[in-house]
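Novice:
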Amino acid sequence: MRKLALFIISGVTAVVLAASPAAAQTDFFIDAYIPPADGAVYTVSKVTPGTPDVFEVQAAGFDTLDFGQLDLDAGLGIFLPAYFWVVDVGTNGAGFPDLQFAYVDTFNPNGALNDGSGLGGHGTVAYLEVVDNGNGTQTVNLIRGESLDEANTSGGLDETQYANGFARISFGIATGDPGLEEGNAVPFTPADATGTYSGTFTITASFDVP
Numbered sequence: 045m046r047k048l049a050l051f052i053i054s055g056v057t058a059v060v061l062a063a064s065p066a067a068a069q070t071d072f073f074i075d076a077y078i079p080p081a082d083g084a085v086y087t088v089s090k091v092t093p094g095t096p097d098v099f100e101v102q103a104a105g106f107d108t109l110d111f112g113q114l115d116l117d118a119g120l121g122i123f124l125p126a127y128f129w130v131v132d133v134g135t136n137g138a139g140f141p142d143l144q145f146a147y148v149d150t151f152n153p154n155g156a157l158n159d160g161s162g163l164g165g166h167g168t169v170a171y172l173e174v175v176d177n178g179n180g181t182q183t184v185n186l187i188r189g190e191s192l193d194e195a196n197t198s199g200g201l202d203e204t205q206y207a208n209g210f211a212r213i214s215f216g217i218a219t220g221d222p223g224l225e226e227g228n229a230v231p232f233t234p235a236d237a238t239g240t241y242s243g244t245f246t247i248t249a250s251f252d253v254p
């Protein structure tokens, strides 16, 4: 028994010594660079109203927001489109831009360009903040709405106005609905001249210099 006990103690001692090697420490440097944004990226969607609205995303570079032939709502006595358009503003890097807007008529069957009787006075634009809720849903916050003409003087958007998400710009035709924020825009009626009304809406994105 004495020899067996000595053998076990020696074995334990040997194991303890073998489990205590000298430590060697090595550091690894890790980094990643996120470039600043210097350009805006626009995603255009044709939206058919419904529950929910149906978004038809257009190809990159799409820039013609055609409402087609408007339909006369006999009950309301106004012309309305079957759909509307939205432009989502993204970036090619970190940071968000301040946005400035401008509008000009290019053809007005009602009279002179930019006199308020063309698309500038009948078309609408709404500026929205879209926030991702993280569960597959989004919250859309209205910043303001106005006529296309009013975009020339309303002051644009500061990046802080949509800091919790991204900016969406929605284009439509005036409905006269007091529950909607349409600024000075008025609906098309049978009193308006027949023909195609058109114009150009310009978005200028300005980024902070890092």
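Numbering (the working numbering), first residue to last: 45 to 254.
Yeah, the Cβ is synthetic: ideal placement off N, Cα and C, and Gly gets one too.
Under a CB-based cut-off of 8 Å, is Leu224 close to chain D?
Specialist: The structure shown has no chain D; it contains just one protein chain.
Novice: With a floor of 3 residues, list each beta strand (DSSP E) that falls wholly inside the segment 71–150, ordered by position along the chain.
Specialist: The qualifying runs are 84–92, 98–101, 115–117, 122–124, 128–135.
Novice: Under a three-way DSSP split, which group does Asp202 fall into?
Specialist: coil
Novice: Can you tell me whether Glu225 is helix, strand or coil according to DSSP?
Specialist: coil
Novice: If you compare alpha carbons, which of Tyr241, Tyr147, Gly209, Ser161 is closest to Thr248?
Specialist: Minimum Cα distance to Thr248 is reached at Tyr147.
Novice: If you check the beta carbons only, do Ile122 and Thr233 fall under 8 Å apart?
Specialist: yes
Novice: Name the DSSP beta bridge partners of Gln182, please?
Specialist: Asp176
Novice: If you count every other CB in all the chains shown that lies within 10 Å of the CB of Ile74, and 16 or more means buried, which is it?
Specialist: Note on Ile74: under 16 other CB atoms within 10 angstroms of its CB, so exposed under the neighbour-count rule.
Novice: I need the DSSP call for Ala211, collapsed to helix, strand or coil.
Specialist: strand
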